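As structure tokens, the structure follows; a few thoughts come after it.
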Amino acid sequence: MDSEKRYRAKIYGVVQGVGFRWFVQREARKKGIKGYVKNLGDGSVEVCAQGEPKNIQNFIDILKEGPPMSIVSKVEIEQIEPTDEFKDFEIRF
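Going by the numbering used here, the sequence shown opens with residue 5, and the numbers climb by one from there.
What follows is the structure, encoded as structure tokens:
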């Protein structure tokens, strides 16, 4: 965990009802990233992701693109302190 980075991202645009959460979970698991994704009441999606720096950077780039039916208009990202809170990447409801 010492070399891991953790970020919280908020993704805006057409990101709900288009398979965004499942897309994010699949991509995170492929890269060994732990954390969660969830829809927010304002129509955006929140992602908390922790993993190796190169995998996290690639994952953030993927978030900016999103799945085919989504339209990502803005991504806000903040780096936060890594923890041992996560064992997997989950979809939260």
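Quick reminder that beta carbons are idealized off the backbone N, C-alpha and C, glycines included. Owing to the predicted nature of the structure, the values given are computational and were not obtained by experimental measurement.
| query | Among all the DSSP beta bridges, which residues are the ones paired with V76? | reply | Answer is G17, bridged to V76.
| Are the beta-carbon atoms of G23 and S74 separated by less than 9 Å? | Yes, these two residues count as a Cβ contact at 9 Å.
| message | Can you find the residues in the same chain that come closer than 6 Å, C-beta to C-beta, to I81, ignoring five residues on each side of it along the sequence? | response | Y11, A13
| query | If you drop the 5 nearest sequence neighbours on each side, which residues of the same chain put their C-beta closer than 8 Å to that of L67? | reply | A13, I15, V28, V51, V76, V79
| Closest residue to I95 among G17, Y40, E31 (Cα-Cα distance) | Y40
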